[in-house]
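S.K.:
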Amino acid sequence: MKILVVEDELIIQLDIRIELEDNGFEVFTADNSTDAIDIVKNNDVECIIMDINIKGDKNGIETTEMIKEIKDIPVIFSTANDDLLDREKYHYIIKKPFNIREIKKTIEEVMND
Amino acid sequence: MVSSLNDSVDVLEPVDGGEEFIIKHIGRLNMNFTQAYNTQEIVGRYYGAIFPLFKDTLYPLFRMAYLENEVVTLIINVYHHGRFKATITSKIFYENEELMILSDVDQKSVSSEFEDYQYLFDDTAELDQYAGINSNNYLVSYNVEEQEYSWSKKMYDLLEIEESPGDYKDNILRDFILPEDLAHMRKKYKEITPYTPEVEYNFRIRTSSGDIKYINCNAFAVYDKNNYLQKIFYFFKDITVDNIDSQNLEVLKRNLHILQKLSQSAFYYKNALGHYNWTSNIANILESEDYESSNDKHIIEQRVIDEDKELFKNFVKSLSSDNPSVNFKIRILSKKGNIKHLNLFLRNNYDEYGNLMSYNIFVYDITDLENIQGDKNSLLNAFNSIDSNLKTGIIYEDAKGNLKVSNMFRDIIGVYRNWQLGGREQFINNIINKHHYLRRYNSFLRKETDEIHFLIYYKFNNYDDDIRIFEYFLKRNNGSVSGYIRDITDVKDKEMELKKLNNQKSMLIKEIHHRVKNNLQVLNSLLNLEERFYRNKPDKIIDATKKRISAMALIHELTYNSHNLETVNLKKYFDVYDENMYTIFHDDEIVMDNDIDKDINFHIRTVTPLVLIINEFTSNSIKYAFNYEDEEKENVISKKIRIKDDECIVEYRDNGVGLPEGYDIHNSDGLGWTIINSLVRQLNGELEEIESEGIGFRLTFPMGYDELKLEEKV
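So the sequences go chain by chain: A and B.
Everything in the first sequence is counted per my numbering, starting at 1 for the first residue and increasing by one.
Everything in the second sequence is counted per my numbering, starting at 1001 for the first residue and increasing by one.
1. Run through DSSP, which three-state label would A/H91 get?
2. May I ask you to list, following chain order, the residues of the stretch 1517-1529 of chain B that have a beta carbon less than 7 Å from some beta carbon of chain A?
3. Quick one: using the 10 Å Cβ neighbour count with 16 as the cut-off for buried, is B/T1392 buried or exposed?
4. Can you pull the chain A residues whose beta carbon is under 8 Å from the beta carbon of B/K1510, in chain order?
5. Can you name, in chain order, every residue of its own chain whose Cβ lies under 6 Å from the Cβ of B/N1594, other than the five neighbours on each side?
6. Go ahead and label A/G60 buried or exposed: buried means 16 or more other beta carbons lie within 10 angstroms of its beta carbon, across all protein chains shown.
7. Which class does A/F25 belong to by DSSP, given the choice of helix, strand or coil?
8. May I have the straight-line CA-CA distance separating A/D38 from B/F1697, to the nearest angstrom?
9. Quick one: residues in its chain with C-beta nearer than 6 Å to the C-beta of A/V75, no 5 flanking neighbours on either side, listed in chain order?
10. Just mark A/T79 as buried or exposed, buried being the case when its beta carbon has 16 or more other beta carbons within 10 Å.
11. Sort A/I103, A/L10, A/L84, A/L14 by Cα distance to B/K1510 and report the nearest one.
12. Does the beta-carbon of B/R1653 have 16 or more other beta-carbons within 10 angstroms, so that it is buried, or is it exposed?
13. Hey, could you find the ends of the alpha helix (DSSP H) B/S1318 is sitting in?
14. For a contact defined as C-beta to C-beta under 8 Å, what are the partners of A/I3 on chain B?
15. For chain A, is any of its Cβ atoms less than 9 Å away from the one on B/N1426?
16. Quick check on the burial criterion: 16 or more other C-beta atoms within 10 angstroms. Buried or exposed for B/Q1302?
17. Excluding the 5 residues flanking B/S1562 on each side, which residues of the same chain have their C-beta closer than 7 Å to its C-beta?
18. So which of B/G1483, B/K1633, B/D1167, B/M1581 has the shortest CA-CA distance to B/E1616?
19. Using a Cβ-Cβ cut-off of 9 Å, state whether A/P97 counts as contacting chain B.
20. If you reduce the DSSP assignment to three classes, tell me which class B/P1165 lands in.
21. With DSSP run on the structure shown, which of helix, strand or coil describes B/V1144?
22. Ignoring anything shorter than 4 residues or poking outside the stretch 50-109 of chain A, list the alpha helix (DSSP H) runs there in chain order.
23. Tell me, please, whether the CB atom of A/I143 is closer than 9 Å to any CB atom in chain B?
24. Just by C-beta distance, which residues in the stretch 1660-1684 of chain B are closer than 8 Å to chain A?
25. Helix, strand or coil for B/F1203 per DSSP?
26. For A/D31, would you say it is in contact with chain B, using Cβ-to-Cβ distances shorter than 9 Å as the test?
27. Pick from B/F1345, B/E1068, B/F1062: whose alpha carbon is nearest that of B/K961?
28. In this structure, does DSSP put B/I1695 in helix, strand or coil?
29. Write down every uninterrupted run of the beta strand (DSSP E) in the stretch 1204-1238 of chain B whose length is 3 residues or greater and which is fully enclosed by it, in chain order.
30. Give the single residue among B/D1170, B/L1159, B/P1165, B/Y1156 whose Cα lies nearest to the Cα of B/Y1149.
31. Tell me the DSSP secondary structure of B/M1357 in three-state form.
32. B/I1366 to B/M1408, Cα distance in whole Å?
33. Looking at the strands, I want to know which residues DSSP matches up with B/S1480.
34. Can you check which of these residues, B/Y1234, B/E1160, B/I1305, B/A1183, is closest to B/S1141 by C-alpha distance?
35. Are the C-beta atoms of A/I39 and some chain B residue less than 9 Å apart?
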């Protein structure tokens, strides 16, 4: 299963990546909107873990909106700031600081949904 | 018939219906007066032509007798050189178409009817009995021949003097009579004759205590048989009370009533007993009970302050019968030493001859009014000075019910006359919310509401960016109106600025929370990484974690102390960081040598990866670089940070053992370098090795968006 991790804190990005790879996922990483969209366009990404505050002129929510126009891919937001999120629209949120085990668990929930 | 009449008979013939009387017979008595005439020349002529001096006196009597057919009696007293000689009694009557005048001369009849009074009132006891002990009558008799007076006991009471043995020789009254009344008295005295022995007149006396009394006098003269004046009896009556006419009394009562109500007022007046004295309120005004029953006319004058003394004298001098009253303000020093402002009304009352009869002084204490006026003036001044500072115009109703506005009110409605003159119409036209203003204002004018309070947005010179905001308030209270107009543009601007700052701060606090949570997640991830890497070396994990927590806690600490809550000064940070390292490692054998530009301030987002990188370098140097057993060698870690061409250049060196030969920092699979390379990438930076005694790295990274934004702010 292909997962895209969009996170501008590269230590966190590295942690998530290793954790997911250890659990058998194929992981793509990006720290900005443009790279994230490119990865989505060029790969069959099945789930996205998206930080809200990322590098570049578009934040995680805007990037997600753009990605949704390309592909309807489930998105899990990982953020320390969920104020900006529309809870009606986005159900899957992992609040920082999180336990790395939550990532895998939430991905499984998304996949089963 | 005529021949049978004696010589004292005159016979006249009325002509022209009584307009004239022709002499038909002249009596001897008349002949004595008309010796210059021949009797033959008199008969047949008009009576008035022969006796012109009598014409005016006698013709009315003749007509009365002729036309009314009455008997008229005429008595004539005859004096010679001022001395009475005789009395002529005439009877005038009309009979048989002739007017008859029968005259008789009787020199002895003059004083006979007064003989009984000759020895009356010889002593004062009789005088008192006659006058009446309990009445207001006083009696004096004067014996002309002996030149002696008899004074009744009550006379002494009237004059308020003690009886003296020699009083019978003195006119004890004379000295008490007001000099200006003496001429009038003498005139009346001259009217006394044996046939008009009684005269009445009024005069005034000043008693021993200084009171003025009005005296009514009935003088009665007694003559002897030869018409020599023997005695004069004087009946005096004190009419002082009666002298105050009823109208003046009413005015006085009314004034006194008002005076009782106004403690600030006092009145100097002549009371019902003829005494002058002050109303008791003068004691309040002069602030001393000493004056409660004062009769001293001059107590005000005595307390006038030096600066007003001349003024006071000039006003008093100006009084005359042509100018009987004057009203003026003066200041006095009260008994307690307070300055009092008084309004004085002086009024003199004069008789028809211009003689001063009485006077009044009306005092009104206007100290409070003057002070209020002073306060009011200072209040207004204060208004005008305060309102210009606060840009607040005051509208208020003055004591007379007129609406007044302060200078600043006029300036605002003007609006700010220096900027734009135009008055109210221009003012209204420039109001952006004009309809709202007019609706509220007119509602207030129509008294539909007693209070309006709203904001006026006023556009200057039709420029959209030149808008002032006025707060407008009007309140009607018990019919009076007060209010203000205030330029609150600056206040509103400051409010907006504060609101903006407040929002900014709220956002910053949220941002701080996010950063803390984010950095906790970074620490969490580092722990996860190390857990995987050093699975069997928990001590190593704990040690590294301690250092990272310390480094990141310091970031937050310095961020909170920064002016904008989002920047960290690098020099300050590493000075404290180095101290913390000493504390953590308990090692003072390492020298931290920093060369950091003191003006470098980085956003927390940039500082965090940079600090973590340096923290990794430092940890490695402390752990692996130095040979702590070599006491000769000084272990040095140096950091140099500069900004050049929008790039940050960080150089890190130590004088330790250095990296192993051929070690590739970019392709190392060790966790430390994995972390460092990730963080360098996060900074979009480049890491290279540089010349050094031990290890040497140069990290170059571009100033990020946050730093450039910070520079713009600066």
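Idealized CB from N, CA, C, for every residue including glycine.
Computed from a predicted structure; not experimentally measured.
M.R.: On the basis of the supplied data:
1. coil
2. K1517, N1518, L1520, Q1521, V1522, N1524, S1525, L1526, N1528, L1529
3. buried
4. N81, D83
5. F1574, K1639
6. buried
7. coil
8. 34 Å
9. I48, M50, T64
10. buried
11. A/L84
12. buried
13. Note, B/S1318: premise wrong, no alpha helix (DSSP H); not H, not E.
14. Result: empty, since nearest Cβ-Cβ is about 16 Å, beyond 8 Å.
15. The question names Asn, but residue 1426 of chain B is Gln in the sequence shown. Taking Cβ atoms only, chain A never reaches closer than 9 Å to B/Q1426, which makes this a no.
16. exposed
17. V1568
18. B/M1581
19. yes
20. helix
21. coil
22. 60-70
23. No information on residue 143 of chain A is available, as it lies outside the stretch 1 to 113 that chain A covers here.
24. T1674, I1675, S1678, L1679, R1681, Q1682
25. strand
26. yes
27. Because residue 961 of chain B is not part of the residues shown, which for chain B are 1001 to 1714, the question remains open.
28. coil
29. 1212-1223, 1229-1238
30. B/D1170
31. strand
32. 32 Å
33. B/N1477
34. B/Y1234
35. no
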